[in-house]
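Okay, structure first, notes after.
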Amino acid sequence: MQTADGRTLNLHKLCTGELIRQLLETGQCVRCNLSGANLTDLDLSNLNLSGANLSGANLSGANLSGTNLSDANLSGANLNASNLERAKFSRTTMPDGTIAVPER
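What follows is the structure in structure tokens.
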């Protein structure tokens, strides 16, 4: 899609920006598509991201403490220097493709 002046409009980027705003305002983004999103250094603590598609997302330095990532897809995501304390990983696809086993 192009704008009136001929520039290419990246709809995925616009939609992703809207989802990030929703996430930060409401504290949840259940089953949303944030694949490839740049979430570097954001405070995403205690949010509900269950079932979210975060494949290829950049979460480096993000605070994910207490965040619900159950059933989320993190394949290929960058979690370097992220705070994952108390994050919930039940049936989560991890960056290396393994599936997190639910805690008992």
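If you read the sequence shown in my numbering, its first letter stands for residue 4, the second for the next number, and so on. No residue lacks a Cβ here, since even glycine has one placed at the ideal position from N, Cα and C. All figures in this text were calculated on a predicted structure; none of them were measured in a lab.
| query | result |
| --- | --- |
| Three-way DSSP call (helix, strand, coil) for T96 in this model | strand |
| Sequence-distant residues of its chain with Cβ nearer than 7 Å to A90 (five each side left out) | L67, S68, G69, T70 and L72 |
| Spatial distance of L62 from T95 (CA atoms) | 15 Å |
| Spatial distance of Q25 from A84 (CA atoms) | 24 Å |
| C-alpha gap between L17 and G39, whole angstroms | Per-residue confidence for L17 stands at a pLDDT of 47, beneath the threshold of 50, marking its modelled position as unreliable; no derived number is given. |
| Best match in A75, G79, G64 and N86 for proximity to N51 [C-alpha to C-alpha] | A75 |
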